[in-house]
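Counting from 32, one number per residue, gives the positions in the sequence shown under my numbering. Note that beta-carbon positions come from the ideal geometry of N, C-alpha and C, so glycine has one too. Note sheet for the following structure.
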Amino acid sequence: MDMSLTKPVSAEQPCGPDPEYDPEYLLLFNRAAPRQRRNMVIFVSTPEAVNWPEIERDARRLLTRSKDIRVLILLLRSRIQQAGAQGLAEMLTQLAELSVIWSDALHPQTAYRRSRIRRIY
């Protein structure tokens, strides 16, 4: 298990801030999205393949600042692409462990929890 994923981001916010509006988060998901083939009048472009090792590297870096299920799932997809069933098994184990450790703090938070947190702070 990657122990860096289980370390809290900070004492105040163990799972860090919600990365939803972080430019790195948005770029990461854009790069992981499947590309469509484009047909223009004369030119036919072949979509660029997703660079899964880069996606894994950037997802792990983002997870050091924010524990987010969406990023974890993207990391899981990356590991499947690179290591097949072994990558799936590794990441499912990590996802299960993290959901136990950070069950109340993992992002994305529900609307109810977000409003409750805003009232506290």
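Within 10 Å of its beta-carbon, does residue i have 16 or more other beta-carbons around it, so buried, or fewer, so exposed?
i: S41; result: exposed
i: R64; result: Per the sequence shown, the amino acid found at residue 64 is Ala instead of Arg. Exposed, by the Cβ-count rule.
i: L94; result: buried
i: M34; result: exposed
Could you tell me which residues DSSP puts in a beta bridge with residue i?
i: D99; result: H138
Quick one, which of the options has its alpha-carbon nearest residue i's?
i: R101; options: P39, T77, P50; result: P50
i: T37; options: L57, E55, F60, E128; result: E128
i: I104; options: T77, D135, L59; result: L59
i: D53; options: R96, T77, A116; result: R96
i: R91; options: D135, G115, E55; result: E55
Go through its chain and collect everything with a Cβ distance to residue i's Cβ below 6 Å, but skip five positions before and after it.
i: W133; result: C46, K98
i: P39; result: P45
Which residues in the same chain as residue i place their Cβ atom closer than 8 Å to its Cβ, once the five residues preceding and following it in sequence are excluded?
i: L119; result: L107, R110, I111
i: E79; result: R66
i: T141; result: none
i: L137; result: C46, K98, D99, I100, L129, S130
i: P139; result: D49, E51, D99, I100, R101
i: E175; result: The question about residue 175 has no answer, for the chain in this structure spans 32 to 152.
Cβ of residue i less than 8 Å from any chain C Cβ?
i: R66; result: Looking at the structure shown, chain C is missing, and only one protein chain is on hand.
Within the same chain, show all residues whose beta-carbon is closer than 7 Å to that of residue i, passing over the 5 residues directly before and after it, in chain order.
i: M122; result: L106, L107, R110
Counting Cβ pairs closer than 8 Å, one from the region 74-88 and one from the region 100-119, do we hit at least three? yes
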